[in-house]
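Please read the structure below before turning to the comments.
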Amino acid sequence: IVATGFLLRAVGGAFAIGVAVSPWLFICTLMLALLLVFGKRRHEVATLRAEAKNHRKCLKDYNLPFLDGLMFVSAGAAIVTYSLYTMAEDVVARFGTEWLMATTPLVIYGVFRYLYLVYIKQKGGDPTKMMIRDKAFMINGLIYAATVIMILILSKSYTP
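In terms of my numbering, the sequence shown opens at residue 57 and continues consecutively.
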């Protein structure tokens, strides 16, 4: 249910600016939303341990190995679908360049950094706050944005 909110915002944003939503981008957004939700649930279960099921009713249905599996599948699927999005024929035609795929390593780093923060630093409770406060994550996001802008400017044929 929580992931649906992310999807609706993404689709609404695309509709608002008049951009068609690629199926790959739709699935990628879903996978990233699920990754964040599972990371948050994992943090709750890991922090609360035996008390997790008393804290929130839905937590009784989760355990760490199950959430770990869901996180790794979501992370891998997000990376693959983003990669496929950047190489999709309609995306290449819309942006006038095949170079968006050059941003894939930055997305991979971002996903891996998120997993590092959840698993090693044990900071999955508030994903937004966690990412904003993490210097490496923010620098990666800025480099990603700058790279996309540079690719679009250099392609000179972007048509929304």
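No residue lacks a Cβ here, since even glycine has one placed at the ideal position from N, Cα and C. Only a predicted model underlies this, so the values are computations on that prediction, with no experimental measurement involved.
Query - Rounded C-alpha distance that separates Asp182 from Met127 - result: Here residue 182 refers to the residue found at position 126 of the sequence shown. Here residue 127 refers to the residue found at position 71 of the sequence shown. C-alpha separation (whole angstroms): 16 Å.
Query - Check: Ile164 C-beta below 6 Å from any heavy atom of the ligand SAM - result: Ligands are entirely absent from the displayed structure, and the ligand SAM is therefore not among its contents.
Query raised in the report: Going by Cα to Cα distance, which pick from Tyr141, Ala149, Tyr172 is closest to Thr160?
Result: Counting from 1 along the sequence shown, the entry for residue 160 is found at position 104. Comparing Cα-Cα distances from Thr160 to each of Tyr141, Ala149, Tyr172, the minimum goes to Tyr141.
Requested in this report: Report the rounded CA-to-CA distance for Asp124 versus Gly152, giving the unit in angstroms.
Outcome: Within the sequence shown, residue 124 is the residue found at index 68, counting from 1. Within the sequence shown, residue 152 is the residue found at index 96, counting from 1. Each residue's Cα considered, the two are about 39 Å apart.
Query raised in the report: Taking DSSP as the reference, what is the three-state secondary structure of Glu154?
Result: Translated into the one-based positions of the sequence shown, residue 154 becomes position 98. The three-state reading of DSSP puts Glu154 in coil, since its state is none of H, G, I, E or B.
Query raised in the report: Skipping 5 residues on each side, what residues in its chain have a beta carbon closer than 6 Å to that of Ile83?
Result: The residue labelled residue 83 in the question sits at position 27 within the sequence shown. Counting only Cβ-Cβ distances below 6 Å, and skipping sequence neighbours, we find Thr137.
Requested in this report: State the DSSP-derived secondary structure class of Val75, mapped to helix, strand or coil.
Outcome: Taking the first residue of the sequence shown as 1, we reach residue 75 at position 19. Three-state result, Val75: coil.
Query raised in the report: DSSP on Ala144, reduced to helix/strand/coil?
Result: Residue numbering aside, residue 144 sits at position 88 when the sequence shown is read from its first letter. Here Ala144 sits in coil by DSSP.
Query raised in the report: With 16 other CB atoms within 10 Å as the buried threshold, where does Met87 fall?
Result: Locating residue 87 in the sequence shown gives position 31, counting from the first residue. With 16 or more neighbouring CB atoms inside 10 Å of its own CB, Met87 falls in the buried class.
Query raised in the report: Which first and last residues belong to the alpha helix (DSSP H) in which Ile176 is found?
Result: Mapped onto the sequence shown, residue 176 falls at position 120. In the DSSP assignment, Ile176 falls outside any alpha helix (DSSP H), carrying neither H nor E.
Query raised in the report: With distances taken between CB atoms, is the gap from Lys96 to Gly180 smaller than 7 Å?
Result: Counting from 1 along the sequence shown, the entry for residue 96 is found at position 40. Counting from 1 along the sequence shown, the entry for residue 180 is found at position 124. Taking 7 Å as the Cβ cut-off, Lys96 and Gly180 qualify as a contacting pair.
Query - His99 versus Gly197 - alpha carbon distance - result: Numbered from 1 along the sequence shown, position 43 holds the residue referred to as residue 99. Numbered from 1 along the sequence shown, position 141 holds the residue referred to as residue 197. Going from the Cα of His99 to the Cα of Gly197 covers about 23 Å.
Query - Residue nearest to Gly61 in terms of C-alpha spacing, selected from Gly74, Lys191, Val101, Thr85 - result: As a first step, residue 61 is located in the sequence shown; it is residue number 5 there, counting from the start. Closest in alpha carbon position to Gly61, among Gly74, Lys191, Val101, Thr85, is Thr85.
Requested in this report: In the DSSP assignment, find the alpha helix (DSSP H) that holds Thr203 and state where it starts and stops.
Outcome: In the sequence shown, the residue the question calls residue 203 occupies position 147. That run of the alpha helix (DSSP H) goes 191-211.
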